[in-house]
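What follows is a set of notes on a single structure, which appears directly below.
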Ligand SMILES: Cc1cc2nc3c(=O)[nH]c(=O)nc-3n(C[C@H](O)[C@H](O)[C@H](O)COP(=O)(O)OP(=O)(O)OC[C@H]3O[C@@H](n4cnc5c(N)ncnc54)[C@H](O)[C@@H]3O)c2cc1C
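In my numbering, the protein residues as written are 8 to 545.
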């Protein structure tokens with residue numbers, strides 16, 4: 008039943024990690040009346056929607072969790088280094104129950120619009136179920152990777168088989184046994200899904216637009232001694248990840264790779280490779296992200312690994328990235344990904360050498376003029392990252408301005424947490440915050456706690472609105488771009504650079520602070536300590 012005329016202190020949109028903790032924090036710490044609207048059928052966000060085979064986190068489980076609940080850090084046992092989607096969802100359901108979150112959440116409800124009323128200083132929000140509610144504070148916990156990117160492939164409507172997007176997989180799963188399956192895309196999701204699907208399918212055809220550098224995940228049970236040691240030192244772990252560069256216990260080697268001998272760097276590369284996970288990406292030589300010559304040495308190591316793993320020389324060459332530097336795209340973690348291309352039932356169709364996808368036909372996919380017959384197509388084509396879910400809210404700020412209008416040339420925010428002209432509106436892990444370039448629970452908790460402190464301070468000092476000045480916002484945008492422009496990241500056509508979607512204005516979406524998430528946290532705290540410098544409080 009639709010509710011109208013309801014009024015809250017705060018409305019939170021989304022019930023993933025972000026929305027769950029935001030509710031907990033505002034309700035249980037400040038005593039506010041909060042309503043959470045969630046489009047999905049329960050909590051979980053990413054882990055509710057992404058049910059494709061092989062879906063799991065790439066962050067180590069001991070840090071891919073909430074840290075605000077110290078007892079839960081001790082009690083919860085993760086089964087593996089990188090738990091699968093059902094386990095993470097179970098964890099989030101457990102958190103929701105433990106903190107009685109669902110009583111303030113409304114599921115299967117999508118926020119479709121909202122506007123700020125300059126007379127009452129309140130937001131009105133509308134949903135697809137006909138609800139209309141107002142609140143002083145509006146918090147977007149809509150996720151960075153929640154808006155599915157489905158490229159408009161010609162002919163999809165006439166395909167006679169079944170098709171799915173990885174981020175909208177059916178809850179009942181998909182049986183690939185004995186089927187001819189096509190996977191479109193080779194990003195981090197596809198790299199997880201392809202080896203799993205290849206085990207079931209009669210034939211798997213992988214359509215690759217851009218090859219990626221994959222590094223081994225090395226998933227498995229974690230040594231119980233290590234689990235015990237981490238639990239005994241969780242305060243230390245939390246402190247370190249909060250102060251770290253990427254919200255993880257990874258640290259660059261404080262040395263130029265160009266200053267090493269071939270033997271020394273091979274030893275280091277082997278060590279990182281054997282450690283698995285993000286070590287090769289985030290704990291490599293410090294100039295890897297900045298200097299093409301340094302980067303080439305790291306890339307060369309992976310290229311040699313690909314050539315030694317993939318038996319067919321032609322396929323190996325297709326799998327070797329061309330045209331972008333290592334580490335400038337989201338790092339996929341590989342569990343038998345390259346080995347999968349040694350299987351007889353797996354075929355790689357590479358856009359550069361075999362031809363791009365021309366169209367979907369009744370029977371399958373036509374690429375480079377050749378038709379590949381398929382029973383099922385799986386689109387692993389990612390997301391309209393970061394700005395997509397925010398723009399889809401159709402919010403109107405001061406003077407009826409929309410985010411679409413404000414962001415024609417890419418996102419503009421202050422600290423990635425607020426937008427000029429949108430008073431009392433906060434974005435958790437919004438564009439131009441560390442977000443997707445960090446272990447996200449660390450960044451989520453930081454934003455939630457900062458926003459809670461800010462609202463608490465407003466209530467204590469009797470302020471009814473807060474919004475960034477456009478000068479502070481301009482300076483932040485300039486800073487975000489200046490920092491990233493010193494790296495190799497802008498040279499790649501990645502989703503970080505908004506380049507995965509035709510027509511999306513090219514802009515770097517997250518923030519790569521010179522001192523990482525630790526430095527960013529200090530910056531946010533400093534802004535608050537200076538009476539919310541760069542914001543207008545009225
Ligand atoms: C496959 C995959 C693997 C990942 N692995 C990692 C990892 O290893 N490490 C890591 O740090 N991060 C990872 N991420 C990023 C992941 O999104 C975050 O870690 C985290 O789950 C984000 O939580 P969130 O609550 O901010 O957003 P989400 O989990 O995306 O939740 C946002 C919620 O908002 C809802 N919503 C959006 N718009 C509306 C609307 N208009 N109305 C109502 N509800 C709305 C959505 O339905 C969604 O449930 C991964 C992402 C994906 C897709």
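Each residue gets a CB set at the ideal place from its N, CA and C atoms; glycine is no exception.
Bear in mind the structure is a predicted one, so any value in this text is a computation, not a measurement.
Residue 396 holds the alpha-carbon nearest to the alpha-carbon of residue 118 among 454, 396, 249. Taking C-beta separations shorter than 7 Å and ignoring five residues to either side along the sequence, the partners of residue 335 in its chain run 495, 496, 498, 499, 501, following chain order. Within the segment 177 to 240, the alpha helix (DSSP H) runs of at least 4 residues that lie entirely inside it are, in chain order, 195 to 207, 231 to 239. Cβ-Cβ distances below 6 Å link residue 22 to 43, 45, 50, 112 in the same chain, with the five nearest sequence neighbours on each side left out; the list follows chain order. Using a 10 angstroms sphere on the CB of residue 65, the tally of other CB atoms reaches 16 or more, which defines it as buried. For residue 326, the secondary structure class from DSSP, reduced to helix, strand or coil, is helix.
Residue pairing of residue 403 in beta bridges, as defined by DSSP: 122, 409. For residue 438, there is no enclosing beta strand (DSSP E), as DSSP marks it with neither H nor E.
For residue 24, the enclosing alpha helix (DSSP H) starts and ends at 24 to 31. The beta carbons of residue 444 and residue 147 sit about 19 Å from each other, so the pair does not count as a contact at 8 Å. When secondary structure is reduced to three states using DSSP, residue 174 falls in the helix class. When the Cα atoms are used, residue 92 and residue 57 turn out to be separated by approximately 7 Å.
Using a Cβ-Cβ distance cut-off of 8 Å, the segment 287 to 302 and the segment 194 to 205 are not in contact, since fewer than three pairs of beta carbons, one from each stretch, lie closer than that value. Of the residues assessed, residue 39 falls on the buried side of the cut-off, its CB having 16 or more other CB atoms within 10 angstroms.
The straight-line gap separating the alpha-carbon atoms of residue 165 and residue 391 is approximately 25 Å.
Distances from the alpha-carbon of residue 328 to those of 358, 533, 354 put 358 closest. Taking every protein chain shown into account, the CB of residue 8 has fewer than 16 other CB atoms within 10 angstroms, so this residue is exposed. Closest in C-alpha terms to residue 324, from the list 333, 332, 313, comes 313. Taking a cut-off of 8 Å for Cβ pairs, the segment 458 to 466 and the segment 293 to 311 do not touch, as fewer than three such pairs fall below it. In the pairwise beta carbon analysis, the segment 27 to 41 is classified as not touching the segment 306 to 321: fewer than three pairs are separated by under 8 Å. It is roughly 34 Å from the alpha-carbon of residue 215 to the alpha-carbon of residue 412. Leaving aside the five residues that flank residue 131 on each side, the residues in its chain whose CB is nearer than 7 Å to its CB run, in chain order, 121, 122, 124, 139, 141. DSSP places residue 15 in the uninterrupted beta strand (DSSP E) bounded by 11 to 20. Closest option to residue 361, judged by alpha-carbon separation, among 265, 326, 489: 326. Cβ neighbours of residue 198 within its own chain (closer than 8 Å, five residues either side excluded): 219, 221, 339, 340, 341, 344.
For residue 244, the closest alpha carbon among the candidates 70, 516, 440, 519 is that of 70. Between residue 279 and the set 223, 431, 351, 322, the nearest pair of CA atoms involves 223.
In the three-state reduction of the DSSP assignment, residue 169 falls in the strand class, which pools E and B. Selection 451, 237, 406, 87 evaluated against residue 31 yields 451 as nearest (Cα-Cα). By the criterion of at least three beta-carbon pairs nearer than 8 Å, the segment 432 to 444 is in contact with the segment 515 to 524.
Scanning its chain for C-beta atoms nearer than 8 Å, with the 5 sequence neighbours on each side dropped, one finds around residue 368 the residues 162, 165, 166, 378, in chain order. Of the heavy atoms belonging to ligand 1, none sits nearer than 7 Å to the Cβ of residue 111.
Secondary structure of residue 534 (DSSP, three-state): helix. Residue 155 and residue 306 have their C-alpha atoms some 30 Å from each other. Assignment of residue 345 by DSSP, reduced to helix, strand and coil, places it in the helix class. According to DSSP, residue 130 shares a beta bridge with 123, 142.
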